[in-house]
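Down below is the structure, laid out as structure tokens.
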Amino acid sequence: MNPVNSGGAWTAVYLGLVLAPLVVLFVGDPVPPGGFWWDLAIALGFAGLAMMSVQFILTARFKRATAPFGIDVIYYFHRYIAGMAFAIVLAHPAIILTANPDLVFYLNPLEAPWFMTVGVLSIVALTLVIVTSYWRGALGISYESWRVIHTGLAVAAVLLALLHVQGVGFYVAEPWKRGLWTVITLSWIGVIGWIRIVKPWRLLRRPYEVAEVRQERGDAWTLALAPVGHGGFVFQPGQFVWLTLRHSPFAMREHPFSVSSSPELAPGRIELTIKELGDFTRTIGATAAGDRAYVDGPYGAFSIDRHPARGYVFLAGGIGIAPVMSMLRALADRGDARPHVLFHAYRRWDRLTFREALEALGTRLDLRIVYVLEEPPDGWDGERGRITADLLARYLPEDRAEREYFVCGPEPMIDATERALRDNGVPMARVRSELFNLV
Amino acid sequence: MTRRTMARLLALLSGLIVLAVAVVFAWLQNR
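For the protein sequence lines, the chains are U and A, in the order given.
Heads up: the first sequence is residues 0 to 438, going by numbering that gives the first Met the number 0.
Heads up: the second sequence is residues 0 to 30, going by numbering that gives the first Met the number 0.
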């Protein structure tokens, strides 16, 4: 199946999972109507719970399901749909209380039955999930703490909601429906078990060792990792992995990073280039050869191997050069003779990550490199500022509609670059982007 | 259309479909 069809099929599976509880409401013994608003609120409650549960499946990193889209965009979908699910869940009590104001005592744990209190607590947990995710930076929560908080609160929200459903007993009274809900609950617990136990256990059996730590320009480090006692994995240039360093895979201390090396490197060996941007990345320099590492991957659809073309145009901002480097190195190692262009936007020339390595690649490939510096040094006669439509117009090849484009960098840079490409007549279907900010 | 726009649209569409099915359910229950 091609990626588009397969993407459509997986979207249908998603909708099927989310709508299943609503379909189950329709079948079986008829339930006396409670009025339009009452029944709408009940339906929204079930739908909201289903959407919350499926959120766990979306981020479980099932390779086959995420491959057609690229897992980075699944995380974006997870984030967008979370807002919709939250609104649907909030509508459930809001409609009930608006239509029946005398039920407001349900909000008071001293007067309400236990199953109403767990329902309220579920919404409190869900609200905290949303607040800590959308405003993690503003709240000063570290990535590691956030992951623990996020998982804990999300699991609590769904468990409490399931208790609420069973306690209230609407539409679930028939034995087979109770059985079905038990199966749904167990499947959901199974997914959690897969993520937190089976996956880490599999990673534990395939350890890696830090073979080399190299300092790069621009506060970046390259970690070379070698598999210990196994053959590693096959990846496509441009893909990324989740890295756990100096901790057990069970510790939930993993971070996503792009592979910057060529798949044609020594078998199983991978290199990750990491810029010092946060608490974890600032400790990378302290990593020593021989340190233990665990690598979950490869992930992502951002690869030349998925998109054959007459030539490629790469547009990198800052450390977004890392996956582009992997693709350029792969092209060079494969003796590629097609024409390629690289736009590399960076702040300063003396801090430009991979400066020397890029110059060397320029001699092995038909590669035109356009550096765009925000703070160029004195006497700089190259491009300055940012990647704009005017700048692209000066360098894009005549056959621009037949090239494939790879954009990687901070999100505002990706947005601006995509617009600039569109303004130059590049079909958006030929533009691939990699989103680094998964949180 | 970029993949992010597609993800946004699919999320919106999924939410609207869920809402529509919930409305249909409530209407069928009470007609």
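Just so you know, even glycine gets a beta-carbon here, dropped at the ideal spot from N, CA and C.
On a predicted model such as this, the values are computed, not experimentally measured, just so you know.
- Message: Any contact between the region 78 to 97 of chain U and the region 42 to 57 of chain U? By contact I mean 3 or more CB pairs, one from each, below 8 Å.
- Response: yes
- Query: Just curious, the beta strand (DSSP E) that Val212/U is in, first and last residue?
  - Reply: Tyr207 to Glu215
- Query: What residues from the region 0 to 19 of chain A come within 8 Å of chain U, judged by C-beta to C-beta, listed N to C?
  - Reply: Met0, Thr1, Arg2, Arg3, Met5, Ala6, Arg7, Leu9, Ala10, Leu11, Ser13, Gly14, Ile16, Val17 and Leu18
- Query: Residue ranges of each beta strand (DSSP E) run of no fewer than 3 residues wholly in the region 160 to 224 of chain U, ordered along the chain?
  - Reply: 207 to 215
- Query: Ile87/U touches chain A at which residues, Cβ-Cβ below 9 Å?
  - Reply: Gly14, Val17, Leu18 and Ala21
- Query: What first and last residue would you give for the alpha helix (DSSP H) that runs through Trp36/U?
  - Reply: Phe35 to Leu57
- Message: Whole angstroms are fine: how far does the CA of Leu16/U sit from the CA of Met0/U?
- Response: Any reading at Met0/U needs caution, since the residue's pLDDT is 47, under 50, leaving its predicted position unreliable; the model's value is listed next. Approximately 21 Å between the Cα atoms of the pair.
- Helix, strand or coil at Met0/U according to DSSP, with G and I counted as helix: For Met0/U, the predicted structure reports a pLDDT of 47, less than 50, and the residue's modelled location is therefore unreliable. The matter cannot be settled from this model.
- Task: Taking Tyr404/U and Leu391/U to be in contact with their CB atoms under 8 Å, please state how far apart those CB atoms are, rounded to whole angstroms.
- Result: 10 Å between Cβ atoms; not a contact.
- Message: Looking at the ligand GTP, does it come within less than 6 Å of Gly27/U, judged from the CB to the closest heavy atom?
- Response: Annotation note on the ligand GTP: not contained in the displayed structure, which lists no ligands.
- Task: Take every Cβ of the region 336 to 343 of chain U, pair it with every Cβ of the region 241 to 260 of chain U, and state whether three or more of those distances are shorter than 8 Å.
- Result: no
- Thinking C-alpha only, which one of Arg60/U, Tyr75/U, Ala359/U and Ala46/U is nearest Met5/A? Tyr75/U
- Message: According to DSSP, simplified to helix, strand and coil, what is Glu433/U?
- Response: strand
- Asp332/U and Glu275/U: beta carbons closer than 7 Å? no
- Distance, Cα to Cα, Thr184/U vs Leu152/U? 17 Å
- What whole-angstrom Cβ distance do Thr312/U and Arg402/U have, given they're in contact under 8 Å? Checking the displayed sequence, the identity of residue 312/U turns out to be Val instead of Thr. Their Cβ separation, rounded to whole angstroms, is 5 Å, which keeps Val312/U and Arg402/U in contact under 8 Å.
- Message: Once DSSP output is grouped into helix, strand and coil, what is the label at Phe104/U?
- Response: helix
- Does DSSP put His149/U in a helix, a strand or coil? helix
- Can a CB atom of chain A be found closer than 7 Å to the CB of Gly57/U? The sequence given here places Leu at residue 57/U; Gly does not occur at that position. Closer than 7 Å: no.
- Query: Whose Cβ in chain A lies nearer than 7 Å to the Cβ of Gly34/U?
  - Reply: Asn29
- Message: Quick check on Met0/U - is its C-beta less than 7 Å from some C-beta in chain A?
- Response: Note that Met0/U scores a pLDDT of 47, beneath 50, so its modelled location is shaky; the value from the coordinates is reported in the next line. Taking Cβ atoms only, chain A never reaches closer than 7 Å to Met0/U, which makes this a no.
- What do you reckon, are the CB atoms on Ser257/U and Glu270/U nearer than 7 Å? no
- Query: How is the alpha helix (DSSP H) around Ile70/U delimited, first residue to last?
  - Reply: Ile70 to Ala98
- Smallest Cα separation from Leu222/U: which of Val233/U, His229/U, Ala210/U and Gly228/U? Ala210/U
- Item | Residue range of the unbroken beta strand (DSSP E) whose run includes Gly316/U | Tyr311 to Gly316
- Pairwise C-alpha distance: Ser52/U and Thr65/U: 17 Å
- Message: Taking its Cβ as the centre, do 16 or more other Cβ atoms sit within 10 Å of Val12/U, making it buried, or is it exposed?
- Response: exposed
- If I'm right that Leu330/U touches Leu364/U with Cβ under 8 Å, what's the distance once you round it to whole angstroms? 6 Å
- Task: Return the first residue and the last residue of the alpha helix (DSSP H) that Leu242/U is part of.
- Result: Careful: Leu242/U lies outside any alpha helix (DSSP H), inside the beta strand (DSSP E) at Phe239 to Leu244.
- Task: Can you tell me which of Arg337/U, Met324/U, Glu382/U and Gly384/U puts its alpha carbon nearest to the alpha carbon of Glu355/U?
- Result: Met324/U
- Query: Using the C-alpha atoms, what's the distance from Trp220/U back to Thr282/U?
  - Reply: 10 Å
- In terms of alpha-carbon separation, which member of Leu242/U, Trp193/U and Thr387/U lies closest to Gly296/U? Leu242/U
- In chain order, what residues of the same chain lie with their CB nearer than 7 Å to the CB of Asp398/U, ignoring the 5 residues before and after it? Arg309
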